[in-house]
Amino acid sequence: MNDATPDITRSYWPVVAGALLAQLFAIGFYSYSFSFLVLPLQEGLDATRAEVMYAMTGSTLAAFVLAPGFGALVDRHSPRLLMAIATLVYASGMALLSQSPSIEVFIVVFALTLAVANNLLGILLINPMLARCFTATRGRALGIAALGGSLGGFLVPPAFLYLIEHHGWRGGLQGYALVLVLLLLPVLFLTTRNAPRPEAGTQLGSVAGQGAVLRFGAILARREYWLIGAPVALIFCTITVVLANFTPYLVGAGLTQSDAGRLLIAAPVGSMVGKLLFGHGADRLDKKSLLQIALVLMIGGVLLIMLAPSRVAVLVAMLLLGTASGGTGPTWGALLPEVFGLASYGRVMGAMSPLITLTVTAGLAFAGVSFDATGGYEVMLYALTGALCIAVITLGTLDVRDPR
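Below is the structure:
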């Protein structure tokens, strides 16, 4: 058997394990563990809360600017090489952060380090890599790998907190850097393999056409970019905005902060379920329809939170929102090569990343402005519901064709 039939040989499943671990360490630190550094940085570097938050803002802006370029690298170079470089940059950055003499140095190093790690150890690289390795089981591979982000939320925070409590924030960062070098780097070397490249002349199946290599401007000019990118951006915007305002909204609706803490757990649980269910479904069902189902689940979750903010309703709502957001990743990842082909997959991911970032940022800002203007979250929730409904309709006009 040759590499043109990776699903049959099963030779690429170790790549999924490496991809899962990469997302565990990238998302587990950035999304779930940074908050443990806030107070120690304020005290240790004599910084304000706003200055500490500039590190996160800076990393978002850096990722926004660098994503298109990283996407082109993903289409041209070995994922094994890129992930190894990203891991070394990640570990070196953590070590440098531990030696920061000032908050200004911390902000710059953090922004550049995490921009590299989040792109080259995240879905911008992982989705194209797995799409090129798998055909018949592509959705399942993407869904299983995406579990790394959820598992990172459970495993990395307590481990990182332990390091900080026993060795201080500087020692904690040094310890994390050591784990990246001793654990993540060897695993990536052992598991990551290069998929068959377009130059080899192999055919990867009827839904895996390589397609033409597209330039950034050509990607933005295609209506498919907007028909797929806007709904995906709205889904990620909705879950981010709801989570960011979850506790104050529930407290304002008569529930307690403890209620919010308990009910919030439903979101990551739903996310894990969604990644597996939608990933499996993406191998058997129409991916455009699956993405529309995710949008409908989002609408249902938002309406439940808005119209019936009881404990049971919120629990169901968070399960729906989590399932939808979790399922979007593998569905989106499996849909893109059907529309754009594999040859430009990295560039397409790099082009969509800024769109998602802008949409999420705008959503968070609108939530704050609308609350200040009205004293409530109803305008925000109605706006999200309306936008999601429009996305369901417009996505229905997408024409999925074999890109070959």
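Start counting the sequence shown at 2; every next residue gets the next number (my numbering). Note that the Cβ used here is the ideal one computed from N, Cα and C, for glycine as well. Since this is a predicted model, take the numbers as computed values, not measurements.
query: Neighbour-count burial assignment, P249, 16 or more Cβ in a 10 Å radius; result: exposed
query: Selected residue, minimal CA-CA separation from C390, among M307, P331 and L296; result: L296
query: Proximity test, Cβ basis, 8 Å: L46 and chain C; result: Annotation note: the requested chain C is absent from the structure, which comprises a single protein chain.
query: Straight-line gap, L40 to Q258 (C-alpha atoms, nearest Å); result: 21 Å
query: Where V252 falls, given that 16 or more other Cβ within 10 Å makes a residue buried; result: exposed
query: E339 burial status per 10 Å Cβ neighbour count (16 or more: buried); result: buried
query: Endpoints, the alpha helix (DSSP H) within which L215 is located; result: From DSSP, L215 is part of no alpha helix (DSSP H); its letter is neither H nor E.
query: Cβ-based neighbour list, A318, same chain, cut-off 6 Å, excluding 5 preceding and 5 following; result: G302, L305 and I306
query: Beta-carbon proximity check, V157 vs G29, cutoff 8 Å; result: yes
query: Check whether L98 and V110 have beta carbons under 8 Å apart; result: yes
query: Extent of the continuous alpha helix (DSSP H) to which Y55 belongs; result: R50 to R77
query: Same chain, Cβ closer than 7 Å to A267, neighbours up to 5 away in sequence not counted; result: L316, M319, L320 and G323
query: Boundaries of the alpha helix (DSSP H) in which F481 is found, first to last residue; result: Only positions 2 to 405 of the chain appear in this structure, which leaves residue 481 out of reach.
query: G172: first and last residue of the uninterrupted alpha helix (DSSP H) it sits in; result: R139 to V180
query: Contacting residues, own chain, Cβ-Cβ under 8 Å from L396 (five flanking each side not counted); result: L228, I229, P232, K289, L292, Q293 and L296
query: Closest residue to A146 among T375, V361, I300 and Y13 (Cα-Cα distance); result: Y13
query: Other residues of its chain near L278: CB distance less than 7 Å, five sequence neighbours each side excluded; result: G328
query: Spatial distance of I127 from W170 (CA atoms); result: 30 Å
query: Where G376 falls: helix, strand or coil (DSSP); result: coil
query: Spatially closest choice to T165 from L62, N195, S371 and G45, by CA coordinates; result: For the record, residue 165 in the displayed sequence is Ile; it is not Thr. Measuring from the Cα of I165, the nearest candidate turns out to be G45.
query: Any 3 or more C-beta pairs closer than 8 Å across the region 376-389 and the region 98-107; result: no
query: C-beta contact flag for S34 and F161 at 8 Å; result: yes
query: Local conformation of A116 per DSSP, three classes; result: helix
query: T193, buried or exposed, once every other Cβ within 10 Å from all chains shown has been counted against 16; result: buried
query: Spatial distance of M353 from L308 (CA atoms); result: 33 Å
query: Beta-carbon proximity check, G94 vs T114, cutoff 8 Å; result: yes
query: Buried/exposed call for G342, threshold 16 Cβ in 10 Å; result: buried
query: Burial state of E200 (16 or more Cβ within 10 Å); result: Annotation note: pLDDT 39 at E200 (below 50); position unreliable, no value reported.
query: Span of the alpha helix (DSSP H) around I86; result: P80 to S99
query: Top-ranked residue by Cα proximity to L186, from M130, L122, G149 and R141; result: L122
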